[in-house]
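One structure is given here, and the rest of the page talks about it.
Residue numbers (the numbering used here): 60 to 175.
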C-alpha cells in the first residue's frame with residue numbers, strides 16, 4: 060500500500076501510476092507544510108504554493124477519485140497572520156479529505172531552529 064510522497068518526488072511516471080494501476084488505492088498523502096511562499100522558503104522547501112496546487116491539478120486530472128491529505132506546520136518562526144491565512148486559503152482551495160496540523164517545534168540542524 061502506497062500512500063505518501065513528497066511533492067518533489069511526484070513526477071509524471073508516478074502520476075501515471077495513480078491513473079493506470081487500479082491496485083493503487085485512490086488516496087495520497089502529499090505534505091505541503093504551509094500555503095505561504097515566504098514560509099516555505101524559510102523552511103527550505105523546494106516548492107511554492109502555486110507549484111503544489113498545479114501538482115494537485117495534474118494528479119486529480121489523472122485520477123479524479125483520488126482523496127488527498129496533507130501536513131501543515133503552524134507557528135514556524137516569523138510566521139505572520141498573513142502567512143497563516145495563506146495556509147488556510149490553500150486548505151480551503153484543495154478541499155482535503157483529511158489534514159494533519161502540527162505546532163512548530165525546533166529540530167536541531169533545521170532552518171527553523173537556526174531562526175529561534
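The C-beta atom is built at its ideal place from N, Cα and C for all residues, glycine as well.
It should be emphasised that the depicted structure is a prediction, and the values quoted were computed from it without experimental measurement.
Query, Result
"Under a three-way DSSP split, which group does residue 88 fall into?", "strand"
"Any idea what DSSP makes of residue 127, helix, strand or coil?", "strand"
"Could you name the residues of the same chain whose beta carbon sits closer than 8 Å to that of residue 69, not counting the 5 residues immediately before and after it, in chain order?", "89, 114, 118"
"Using three-state DSSP, classify residue 63 as helix, strand or coil.", "strand"
"Considering only their Cβ atoms, is the gap separating residue 63 from residue 87 smaller than 9 Å?", "yes"
"Taking DSSP's pairing of strands, which residues face residue 133 in a bridge?", "162"
"Under the rule that 16 or more other beta-carbon atoms within 10 Å means buried, what is residue 57, buried or exposed?", "Residue 57 lies beyond the residue range present for the chain, which begins at 60 and ends at 175; the question has no answer from this structure."
"Can residue 153 and residue 112 be called in contact, C-beta distance under 9 Å?", "yes"
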